[in-house]
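The structure under discussion appears below in the form of structure tokens.
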Amino acid sequence: MEDIHRAALDGIQQMERELIVRDFVAVLNEGDVGELLPFLTEDVVYRPSHNRGVTGRREMLAMIGEIRSRFAEWSTALVTVAVAGDTVLTEQVLHLRLPEGEKCEVLGFGSFRLDGSRICTWHQVHA
Numbered sequence: 133m134e135d136i137h138r139a140a141l142d143g144i145q146q147m148e149r150e151l152i153v154r155d156f157v158a159v160l161n162e163g164d165v166g167e168l169l170p171f172l173t174e175d176v177v178y179r180p181s182h183n184r185g186v187t188g189r190r191e192m193l194a195m196i197g198e199i200r201s202r203f204a205e206w207s208t209a210l211v212t213v214a215v216a217g218d219t220v221l222t223e224q225v226l227h228l229r230l231p232e233g234e235k236c237e238v239l240g241f242g243s244f245r246l247d248g249s250r251i252c253t254w255h256q257v258h259a
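First residue of the sequence shown? That's 133 in my numbering, and the numbers climb one at a time after it.
Structure follows, in structure tokens:
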């Protein structure tokens with residue numbers, strides 16, 4: 133009985149982690165940048181490539197605001213989501229359009245590591 137209880141709790145925790153990332157992406161798409169604060173640890177790390185990145189909640193929100201300001205359209209659609217321990221992996225399609233440009237879709241993969249109920253690390257790769 134103990135094993136069943138432990139497996140059920142693990143499943144619930146994984147589902148909660150997936151829902152946190154899904155909610156984060158929904159707010160990222162539709163909400164104000166400030167609404168992302170509750171999703172992030174104070175020392176969150178965002179790394180879009182091996183050599184670049186930002187550390188800190190304030191710095192990450194500033195970066196997101198800057199990116200939004202450059203695009204007429206910028207949103208993320210989650211295609212596939214998988215959870216492994218405290219990490220949520222995503223396959224995504226980014227819908228982008230520059231102010232004077234045509235709409236473009238870019239495939240991306242994300243890795244979100246959670247510390248409790250907050251994102252502490254976000255790695256993003258674009259194909």
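Note that the Cβ used here is the ideal one computed from N, Cα and C, for glycine as well.
Next on the checklist: Whether or not the stretch 151-158 and the stretch 176-188 are in contact is what I'm after, with contact meaning three or more pairs of Cβ atoms, one per stretch, closer than 8 Å; do they touch?
Outcome noted: no
Item to check | Continuous beta strand (DSSP E) stretch holding GLU223: start and end | outcome: Taking the first residue of the sequence shown as 1, we reach residue 223 at position 91. Start and end: 219-229.
Checklist entry - Using a Cβ-Cβ cut-off of 8 Å (strictly less than) and excluding sequence neighbours within five positions of GLY188, which residues of its own chain qualify? => result The residue labelled residue 188 in the question sits at position 56 within the sequence shown. Here the set comprises GLU174, ASP175 and VAL176.
Checklist entry - Just the Cα atoms here: how many angstroms apart are ARG184 and ILE144? => result Taking the sequence shown and counting its residues from 1, the one referred to as residue 184 is at position 52. Taking the sequence shown and counting its residues from 1, the one referred to as residue 144 is at position 12. C-alpha separation (whole angstroms): 34 Å.
Next on the checklist: For a cutoff of 9 Å on Cβ pairs, would you count GLY163 as touching chain C?
Outcome noted: As a matter of chain content, chain C is missing from the structure shown, which is built from one protein chain.
Checklist entry - Helix, strand or coil: how does DSSP classify ALA158 here? => result Translated into positions along the sequence shown, residue 158 becomes position 26. In the structure shown, ALA158 sits in a helix (DSSP, three-state: H, G or I).
Checklist entry - For THR187, which residues does DSSP report across the bridge? => result If you number the sequence shown from 1, residue 187 lands on position 55. DSSP, once it has assigned bridges, lists VAL177 as partnering THR187.
Item to check | Nearest to GLY197 (by Cα), restricted to the options GLU234, LEU168 and GLU232 | outcome: Along the sequence shown, read from residue 1 onward, the residue named residue 197 stands at position 65. The option with the nearest alpha carbon to GLY197 is LEU168.
Checklist entry - DSSP three-state call for PHE244: helix, strand or coil? => result Indexing the sequence shown from 1 puts residue 244 at position 112. Here PHE244 sits in strand by DSSP.
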